[in-house]
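If you read the protein sequences in the order shown, they are chains A and B. Quick note on numbering: the first sequence equals residues 415 to 582 in this note's numbering. Quick note on numbering: the second sequence equals residues 63 to 483 in this note's numbering. Backbone N, C-alpha and C fix where the C-beta goes; we use that ideal spot for every residue, glycine too. In what follows, a single structure is set out as structure tokens and then discussed.
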Amino acid sequence: MSKILFWISLILTSCLLGSAYLLKGIWLGTILLLIPAMMMIISLRVPWSWMPSLGLIFFMISAAAGLLFDLMPVMVLAGVTAAIITWDLVRFQRRLREIEQDFLPPILEKRHLIRLFSISVPGFLIPAIALQVKYQPSFGLIIGIVLLLALSLSRVMRLILKGKDQSS
Amino acid sequence: MIYALLLIGLVTINGKLLLLALPLVFYLGGGILYSPGVLQLKATRQVSSDLVFQKKPASVRLTVSNQGEGLDELLLEDTFAAPFTVNNGNPRQLLSFMADEQFNFEYTVQGERGRYISAGVQAIATDHFNLFQEQQILSIPAKLTILPEAWRLRPVAIRPSNTRGFAGPIPARISGTGVDFLGVREYKLGDPMRKINWRVSTRHQQNLFTNEFEQERIADVGLILDARQQLNLRSSEGSLFEYSVMATAALADAFLNDGHRVALLVYGFGLDRVYPGYGKVQLRRILQALAVARVGFNYALESLNYLPTRLFPAHSQLVVVSPIQVGDLEAFVRLRSFGYEIMLVSPDPADFEARSYTPKDRMNSTISFPLRFVRIERTLLLHQLRRIGVRVVDWPVDQPLDNAIHSSLIKQPLGRRIMNL
Chain A
415 MSKILFWISL
425 ILTSCLLGSA
435 YLLKGIWLGT
445 ILLLIPAMMM
455 IISLRVPWSW
465 MPSLGLIFFM
475 ISAAAGLLFD
485 LMPVMVLAGV
495 TAAIITWDLV
505 RFQRRLREIE
515 QDFLPPILEK
525 RHLIRLFSIS
535 VPGFLIPAIA
545 LQVKYQPSFG
555 LIIGIVLLLA
565 LSLSRVMRLI
575 LKGKDQSS
Chain B
63 MIYALLLIGL
73 VTINGKLLLL
83 ALPLVFYLGG
93 GILYSPGVLQ
103 LKATRQVSSD
113 LVFQKKPASV
123 RLTVSNQGEG
133 LDELLLEDTF
143 AAPFTVNNGN
153 PRQLLSFMAD
163 EQFNFEYTVQ
173 GERGRYISAG
183 VQAIATDHFN
193 LFQEQQILSI
203 PAKLTILPEA
213 WRLRPVAIRP
223 SNTRGFAGPI
233 PARISGTGVD
243 FLGVREYKLG
253 DPMRKINWRV
263 STRHQQNLFT
273 NEFEQERIAD
283 VGLILDARQQ
293 LNLRSSEGSL
303 FEYSVMATAA
313 LADAFLNDGH
323 RVALLVYGFG
333 LDRVYPGYGK
343 VQLRRILQAL
353 AVARVGFNYA
363 LESLNYLPTR
373 LFPAHSQLVV
383 VSPIQVGDLE
393 AFVRLRSFGY
403 EIMLVSPDPA
413 DFEARSYTPK
423 DRMNSTISFP
433 LRFVRIERTL
443 LLHQLRRIGV
453 RVVDWPVDQP
463 LDNAIHSSLI
473 KQPLGRRIMN
483 L
């Protein structure tokens with residue numbers, strides 16, 4: 415099931431971002447999207463753990479560049495959400511392959527997918543709704559929010575790295 | 063990536079770029095929210111048997127219970143399986159583990175001889191997005207000893223000078239119950255009529271004579287396994303020492319089956335011994351000692367001259383399993399002079415080495431000449447050993463040991479030989 419969803423989300427990512435670029439007539443953007451798409455496909459088989467993350471970075475760069483080129487923001491946002499889903503499913507498939515488990519409990523896959531979609535849907539909807547809101551915060555407020563986010567993120571990164579050190 | 067988007071969004075004052083970071087923030091937030099807490103797992107392990115023969119599988123069953131909160135994803139890895147080949151099942155399991163749930167899994171393993179001790183089970187719990195981890199090592203000590211394979215051999219005929227006081231297969235040169243004719247003696251009241259030797263009796267008018275038969279008894283057998291590193295050869299086919307171990311196991315089984323009292327000495331890195339004993343229990347002890355036997359180098363035990371003969375009863379049978387080298391002749395001479403009957407079972411190192419080369423390589427003079435030289439040297443050494451009364455079994459390891467023993471010993475009759483130095 416997760417493998418099928420991987421292919422669907424990959425095709426969706428490529429189509430959404432590619433279409434956004436095509437609608438603006440930027441053919442190069444569409445063609446360059448093949449690179450991260452191929453990276454995601456290859457990373458299912460190769461042992462390099464950095465490959466899926468690099469693929470996601472390329473998708474994000476193309477999305478960010480697309481916003482700078484004034485592409486349709488909703489399509490770009492949807493493409494980014496689908497890219498995150500693809501990235502997560504690739505990592506899940508790789509983990510299953512490493513373990514070489516013959517029988518995967520169906521409940522594990524089901525819970526993973528439910529969790530993924532329960533996070534991805536609001537992760538798309540809330541920014542999509544926010545895009546409709548025409549509110550211009552002050553620069554100070556923006557700086558404050560961004561600083562707060564940056565601080566929280568740095569704590570989270572420290573926690574993640576601490577967890578990875580313990581496991582290694 | 064989130065930082066980069068926030069930075070670019072700030073620099074370009076583009077709110078859409080800031081919004082682009084939100085799906086990633088949600089993903090990260092999901093990981094934080096559902097990150098695993100401290101693990102409270104309990105596990106037990108059952109191994110089908112503590113002792114298993116080589117090439118026979120052992121099954122391992124693990125039961126893990128969660129006494130803490132539910133875990134999104136839990137990876138269990140049984141480190142016990144690490145040195146083995148897993149035949150069925152999987153020692154690694156990924157599952158979703160609810161609170162108060164119990165999980166069982168089973169797998170079978172097979173491995174090389176040795177004693178294996180396990181630390182425990184590694185448990186790594188993560189959230190569904192694999193961003194946060196909690197780890198716990200569940201300490202469940204377990205032990206598995208894989209015994210060497212003991213080939214079945216036909217009874218091996220030995221004839222030491224001294225025997226023990228129990229019935230067995232070895233003629234003891236004293237009269238008693240047996241089947242081999244020993245001599246005649248004067249008739250005593252109570253002797254069975256069927257044992258009277260009428261032919262001799264007719265030659266004597268006044269007396270009757272009775273047949274005497276040779277009593278058959280068991281003997282003391284000392285097995286000596288040579289574990290000196292300098293004699294061990296390794297090739298693509300394995301290690302010559304492994305053949306020596308299997309030969310020792312087979313001989314121990316054969317001698318114990320005949321009822322003899324068998325002891326073992328492993329001579330190499332140190333002196334590992336199994337004191338003399340009888341029967342299946344002794345066989346188990348010997349196999350366990352052979353399971354952990356390893357080659358080693360010890361300057362003090364470089365040659366067989368330092369064999370501790372006090373371990374073995376005087377005039378008993380010694381069976382040495384060794385590829386031997388030229389310097390060992392002196393040790394055998396000394397042992398023969400003490401009155402020991404010696405049998406040498408020698409895996410052929412030259413043949414073992416030669417088989418690791420292709421037929422084309424063997425034609426090459428840089429390989430064929432040294433091999434011929436080694437073979438000549440070995441043939442000479444074995445001949446010298448036969449001359450001093452050692453019964454030699456020259457064993458090319460690609461042939462069954464049983465055939466090698468019986469074809470070699472049939473040409474070397476039992477009985478005392480005059481030492482001819």
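For chain A, find out if any of its Cβ atoms is closer than 8 Å to the Cβ of residue i; answer yes or no.
{"i": "B:Asp112", "result": "no"}
{"i": "B:Tyr89", "result": "yes"}
{"i": "B:Tyr368", "result": "no"}
{"i": "B:Ile94", "result": "yes"}
{"i": "B:Leu84", "result": "yes"}
{"i": "B:Ser127", "result": "no"}
{"i": "B:Asn152", "result": "yes"}
{"i": "B:Glu135", "result": "yes"}
{"i": "B:Ser201", "result": "no"}
{"i": "B:Asn192", "result": "yes"}
{"i": "B:Ser365", "result": "no"}
{"i": "B:Ser158", "result": "yes"}
To the nearest angstrom, report how far apart residue i and residue j are at their CA atoms.
{"i": "A:Val570", "j": "B:Gly92", "result": "12 Å"}
{"i": "B:Val3", "j": "B:Phe414", "result": "There is no way to answer for residue 3 of chain B, as the model of chain B reaches only from 63 to 483."}
{"i": "B:Arg478", "j": "B:Gly451", "result": "Residue placement at B:Arg478 is flagged as unreliable, the pLDDT there being 49, under the threshold of 50; the coordinate-derived value follows with that caveat. Distance between the alpha carbons of B:Arg478 and B:Gly451 is about 8 Å."}
{"i": "A:Asp502", "j": "B:Gln195", "result": "16 Å"}
{"i": "B:Asp320", "j": "B:Gly240", "result": "15 Å"}
{"i": "B:Asn166", "j": "B:Gln197", "result": "19 Å"}
{"i": "B:Ser408", "j": "B:Arg346", "result": "24 Å"}
{"i": "B:Phe374", "j": "B:Glu403", "result": "11 Å"}
{"i": "B:Ser97", "j": "B:Arg107", "result": "28 Å"}
{"i": "B:Gly132", "j": "B:Pro145", "result": "32 Å"}
{"i": "A:Thr444", "j": "B:Tyr89", "result": "26 Å"}
{"i": "B:Val246", "j": "B:Asn367", "result": "45 Å"}
{"i": "B:Ala143", "j": "B:Asp134", "result": "25 Å"}
{"i": "B:Ile94", "j": "A:Met474", "result": "22 Å"}
{"i": "B:Gly151", "j": "B:Arg175", "result": "22 Å"}
{"i": "B:Ala353", "j": "B:Ala311", "result": "10 Å"}
{"i": "B:Tyr337", "j": "B:Val343", "result": "12 Å"}
{"i": "A:Leu442", "j": "A:Ala451", "result": "15 Å"}
{"i": "A:Arg508", "j": "A:Arg529", "result": "18 Å"}
Smallest Cα separation from residue i: which of the options?
{"i": "B:Gly173", "options": "B:Phe115, B:Ala212, B:Ser378", "result": "B:Phe115"}
{"i": "B:Glu364", "options": "B:Val381, B:Phe394, B:Gly332, B:Leu352", "result": "B:Gly332"}
{"i": "B:Ile258", "options": "B:Glu274, B:Leu391, B:Asp460", "result": "B:Glu274"}
{"i": "B:Ile186", "options": "B:Asn166, B:Val455, B:Lys78, B:Phe159", "result": "B:Phe159"}
{"i": "B:Asn252", "options": "B:Ser470, B:Phe271, B:Glu276, B:Gln267", "result": "The sequence shown places Gly at residue 252 of chain B, not Asn. Nearest option by C-alpha distance: B:Phe271."}
{"i": "A:Val560", "options": "B:Ser427, B:Ile70, B:Ala316", "result": "B:Ile70"}
{"i": "A:Ala478", "options": "B:Leu80, B:Arg123, B:Phe243, B:Asp112", "result": "B:Leu80"}
{"i": "B:Arg323", "options": "B:Leu352, B:Arg290, B:Ile280", "result": "B:Ile280"}
{"i": "B:Gly389", "options": "B:Gln350, B:Leu444, B:Leu433, B:Tyr337", "result": "B:Leu444"}
{"i": "B:Thr264", "options": "B:Glu276, B:Gln277, B:Glu248, B:Pro85", "result": "B:Glu248"}
{"i": "B:Gln379", "options": "B:Arg424, B:Thr225, B:Arg335", "result": "B:Thr225"}
{"i": "B:Ala314", "options": "B:Leu285, B:His266, B:Leu471", "result": "B:Leu285"}
{"i": "B:Lys78", "options": "A:Ile528, A:Leu565, A:Leu485", "result": "A:Leu485"}
{"i": "B:Val100", "options": "B:Arg396, B:Phe435, B:Ile199", "result": "B:Ile199"}
Can you check DSSP and say which residues form a bridge with residue i?
{"i": "B:Gly284", "result": "B:Ala325, B:Leu380"}
{"i": "A:Met489", "result": "None, per the DSSP bridge assignment."}
{"i": "B:Arg453", "result": "B:Met405"}
{"i": "B:Val148", "result": "B:Val171"}
{"i": "B:Ala185", "result": "B:Leu138, B:Gln198"}
{"i": "A:Ala584", "result": "One cannot answer for residue 584 of chain A here, as it falls past the ends of chain A, which runs 415 to 582."}
{"i": "B:Asn273", "result": "B:Val246"}
{"i": "B:Asn166", "result": "B:Thr125"}
{"i": "B:Leu447", "result": "Beta-bridge pairing links B:Leu447 to no other residue."}
Determine, for residue i, whether the minimum Cβ-Cβ distance to residues of chain B falls below 8 Å.
{"i": "A:Gly443", "result": "no"}
{"i": "A:Thr427", "result": "no"}
{"i": "A:Gly558", "result": "no"}
{"i": "A:Phe538", "result": "yes"}
{"i": "A:Pro450", "result": "no"}
{"i": "A:Ile471", "result": "yes"}
{"i": "A:Ala544", "result": "yes"}
- Task: Spell out a yes or no on whether the segment 423 to 435 of chain A and the segment 492 to 499 of chain A are touching, meaning 3 or more CB-CB pairs, one atom from each, closer than 8 Å.
- Result: yes
- Query: For the segment 206 to 225 of chain B against the segment 359 to 374 of chain B, are there 3 or more C-beta pairs whose distance is under 8 Å?
  - Reply: no
- Any contact of the segment 133 to 143 of chain B with the segment 174 to 185 of chain B, i.e. 3+ C-beta pairs under 8 Å? yes
- Can you list, in chain order, the residues of the segment 306 to 317 of chain B whose Cβ is nearer than 8 Å to any Cβ on chain D? In summary, chain D is missing from the structure at hand, where the protein chains are A and B.
- Check whether the segment 285 to 294 of chain B touches the segment 377 to 393 of chain B, counting contact only when three or more Cβ pairs, one atom from each stretch, lie closer than 8 Å. The segment 285 to 294 of chain B is in contact with the segment 377 to 393 of chain B.
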